[in-house]
Amino acid sequence: MDALEAFRRETRAWLDANCPAEMRTPVSGDDDICWGGRNFVFKSEAQKVWLTRMAARGWTVPGWPKEYGGGGLSHEEVKVLKEEMRAIGARSPLESFGIWMLGPALLAFGSEAQKQEHLPRIARGEIRWCQGYSEPNAGSDLASLQTRAEDAGDHFVVTGSKIWTSYADKADMIFCLVRTDFSAPKHLGISFLLFDMTWAGVSTKPILLISGKSPFCETFFDGVTVPKANLVGTLNRGWDIAKYLLTHEREMIGGGGGGLLGGRSPGQVAANEIGTDGEGKLADAFLRADVARAEVDALAFAATMARYKDEAASGGKGVGDRSAVLKYYGTELNKRRHELLMRAAGHEGLEWEGARSNDGERPRGWLRTKANSIEGGTSEVMLDIVAKRLLQLPNA
Amino acid sequence: MLVLNDDQVMLQDAARGFVSEKAPVAALRKIRDEKVTDGFDRDLWRSMAEMGWTGVLVPEDQGGLGFGFVGAGVICEEMGRTLTASPFLSTAMMAATALSRAGSPAQKERWLPAIVAGEAVIAAAVDEGRRHDPAGTAMRAERHGNGFRLSGTKTYVVDGQAADAVLVAARTAGAAGETGGLSLFLVETGTKGLSSERLSTLDSRGAAELTFDGVEVTADAVVGEVDDGFPLLEVVLGAGRAGLAAELSGNAQESFGRTMAYLRERKQFGRTIGAFQALQHRAAHLFCEVEVARSAVLAALQALDTDPAGASLAVSVAKSKASSVARLAAQEAVQMHGGIGMTDAIDIGLFMKRMQVASTLYGDADFHADRVARARGF
Ligand SMILES: Cc1cc2nc3c(=O)[nH]c(=O)nc-3n(C[C@H](O)[C@H](O)[C@H](O)COP(=O)(O)OP(=O)(O)OC[C@H]3O[C@@H](n4cnc5c(N)ncnc54)[C@H](O)[C@@H]3O)c2cc1C
């Protein structure tokens, strides 16, 4: 415990000296987030300084091994770092699919050369990755994907298309599921490839969302040449990697539901906007009751995320299939949270453009959350995983 | 770390073994069918004392085990799985918390060894009406000579029908609705003017309605501070609420587990009903809720061990969540069992009945959601 306390003190002092004041203010939208990548334009000097300093310590990925650009911190030390960052309102220096998804998969399945090549670049925010999983006819039934990779001696030739590829138009590289065996059962003919979005034959086309933004794309592959060295793991065994990666993705998406804890709760927002009675209670009894129940669930859910992580760390494993619990519960909670924020907003939640609503920040945020229970596997698919794998209920 | 440590895991294993052998659901049926007036089995309570459970919250230097709230909660959770009837909550948790933290040396000497030995049962008498409302306490304790004279009625006093003494909240100043002006007294049940009526309750464990008709006590009966008993009462209730939340978590886990077993076994339309996605998704949703309730309970127990006075938010989250989840688990259990779920022959209905009692006591899901809202500023 003493060593951990010492670490806390050092961390606090370092953060205090190194986190720029501007990086201690709340993030107000997607464009405040540092995603990194070859073409990333920093919003401010402070954002760049913060990334550089944190990356130099390995603290953009504090739990990864030092030799791959991480901080080499223990589970408990990572918690302390996060707590200390939260205490001063420090922003995350870097967010990316590389950190959330590809990194953990490469640590578990990548070759030494692949780890050396890709992990430090992810840690420093130099390469931005996107995820090529879903296809027009392979959504929940992901394993039925049809994008093909033909064996051409020392390389593959990739042809097909992906859809809903988040930030494909901004990403530098893609981790992509392709079919390498058409005769095997569907789960046993899939491979996991890495390639560059600038290579010949790759193109993207943005898709407009109901929130009015275009964060994701259709992605087309027209005979893309991919060296065999870019295959991760074993040929035709990519499904194992795909699933492992999804457990990390789901844990991360589910964690968004804990947002109730981090920022102001919808109850505090509503109390500000609607007002309170003489006792300090939100002046809308119906809304107050619903927000209170959501608050109970949010706090109980935050404890669940912490418990799962602590149990995983003390057992030396990941969260595994229980990521489906976090994904399901956390995303449904986040949708509820935004429904409550819209109820609190009333008429003020109807403005779509204009300065006073920050271009309809509230309704656009509300609409965005509707995707939470779809992206990364739908709520129905999560419930299937819980029923089949955790509860071992029989197949139909 | 939100995990049990090695000692706590050992205690959990021991508790599970003990209750499944000595106090399975069949033991509750026996208490019900034989109309045992205490609402629990005194021999079982003595065996629990031999296991050390009665001293789980009594510090080691006062003769207990000092296992803390996580340890106590682990025992409650296991008793929740088997619907074990015992005065653990009233005596080993609430009274032991009050006396070990705020009892006078004489009170400690008189009662703590008796609690640890399994010889004394002490009930907490707080509520006076249909809703849990500690600040609404109206019962008066008027100064009288060197002592006090208590007048009023306490209802649904858990284990009151079997108690040797009651820890009673009464008003020495102020008006009902105020947190100031409350004091706690420890009154032996044989004291003149104190009468008890046994209430038969749906969980078969019973409770008492206690009438204080000018009951005279000396100043030595006061536990803690005169007029400023509310903070202590909150800590004592915190112990009770957390214990009930842990019990409800055990109750929910068990009725859920029994339901899953039934889904794997019962066949209709030529297949096991657990293969129907409509039931799978409800089962999966319920599992998630049970998991979330378990986490909230552990967080509350740990918070109580860290700082009992600062744990009220975590305790309310746990009591609110465990109450509503145990309710959902009981409802789904009956529904997914079909007709057999409605019969007295299987135990599912007993879990539902106890759920109703445990979720109502010391504040239901709404009461605690309201407290969470206040604590969070709205
Ligand atoms: C904002 C957003 C970002 C995304 N980003 C990416 C990305 O970066 N990369 C990527 O590869 N993909 C991405 N996706 C795609 C996402 O993973 C898929 O949309 C998702 O897996 C569902 O597939 P689908 O859209 O084809 O829906 P479908 O699978 O067609 O589902 C339609 C409905 O049927 C239900 N359903 C399907 N199967 C079952 C079943 N067996 N039992 C019960 N109900 C069922 C579903 O739950 C859903 O309600 C993103 C999606 C969104 C919304």
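Chains A and B, in that order, give the protein sequences.
For the first sequence, position 370 matches number 370 in the numbering used here, and the numbering has no gaps at all.
One gets the numbering used here by counting positions in the second sequence from 1 and adding 1000 to each.
We put the beta carbon where it would ideally sit given N, CA and C, even for glycine.
Just so we're clear, the structure is a prediction, and the values are computed from it rather than from any experiment.
Proximity test, Cβ basis, 8 Å: residue i and chain A
i                       : result
residue 1269 of chain B : no
residue 1132 of chain B : no
residue 1011 of chain B : no
residue 1291 of chain B : yes
residue 1001 of chain B : yes
residue 1298 of chain B : yes
residue 1275 of chain B : yes
residue 1022 of chain B : no
residue 1315 of chain B : no
residue 1179 of chain B : no
residue 1186 of chain B : no
residue 1306 of chain B : no
residue 1378 of chain B : yes
residue 1370 of chain B : yes
residue 1260 of chain B : yes
residue 1327 of chain B : no
residue 1295 of chain B : yes
Listed by chain order, chain C residues near residue i by CB distance under 8 Å
i                       : result
residue 1288 of chain B : No chain C is present in this structure, whose protein chains are A and B.
Cβ-based burial, residue i [other Cβ within 10 Å; buried from 16]
i                       : result
residue 127 of chain A  : buried
residue 1364 of chain B : buried
residue 338 of chain A  : buried
residue 147 of chain A  : buried
residue 174 of chain A  : buried
residue 392 of chain A  : exposed
residue 247 of chain A  : buried
residue 1050 of chain B : exposed
residue 88 of chain A   : exposed
residue 1146 of chain B : exposed
residue 56 of chain A   : exposed
residue 347 of chain A  : exposed
residue 1009 of chain B : exposed
residue 1368 of chain B : buried
residue 1345 of chain B : exposed
residue 1302 of chain B : buried
residue 1340 of chain B : exposed
C-beta atoms of residue i and residue j nearer than 8 Å
i                       : j                       : result
residue 1127 of chain B : residue 1155 of chain B : yes
residue 341 of chain A  : residue 269 of chain A  : yes
residue 1150 of chain B : residue 1223 of chain B : no
residue 1227 of chain B : residue 1137 of chain B : no
residue 62 of chain A   : residue 41 of chain A   : no
residue 1284 of chain B : residue 386 of chain A  : yes
residue 1189 of chain B : residue 1200 of chain B : no
residue 1279 of chain B : residue 1329 of chain B : no
residue 1166 of chain B : residue 1125 of chain B : yes
residue 1185 of chain B : residue 1158 of chain B : no
residue 1220 of chain B : residue 1100 of chain B : no
residue 1334 of chain B : residue 1348 of chain B : yes
residue 1089 of chain B : residue 1238 of chain B : no
residue 265 of chain A  : residue 331 of chain A  : no
Short CB-CB distance (under 8 Å) between residue i and chain B
i                      : result
residue 261 of chain A : Residue placement at residue 261 of chain A cannot be trusted, given a pLDDT of 40 that sits under 50; the coordinates are not used to answer.
residue 146 of chain A : no
residue 394 of chain A : yes
residue 225 of chain A : no
residue 221 of chain A : no
residue 281 of chain A : yes
residue 172 of chain A : no
residue 47 of chain A  : no
residue 405 of chain A : The displayed coordinates of chain A run from 1 to 396. Any statement about residue 405 of chain A would go beyond what the structure contains.
residue 105 of chain A : no
residue 285 of chain A : no
Residue i - partner residues in DSSP beta bridges
i                       : result
residue 216 of chain A  : A/166 and A/207
residue 173 of chain A  : A/129 and A/196
residue 40 of chain A   : DSSP, once it has assigned bridges, lists no residue as partnering residue 40 of chain A.
residue 1268 of chain B : B/1271
residue 151 of chain A  : A/156
residue 1144 of chain B : B/1147
Cβ-Cβ separation, residue j to residue i (assumed contact under 8 Å), whole Å
i                       : j                       : result
residue 145 of chain A  : residue 179 of chain A  : 6 Å
residue 1161 of chain B : residue 1054 of chain B : Going by Cβ atoms, the distance from residue 1161 of chain B to residue 1054 of chain B rounds to 19 Å, so no, they are not a contact pair.
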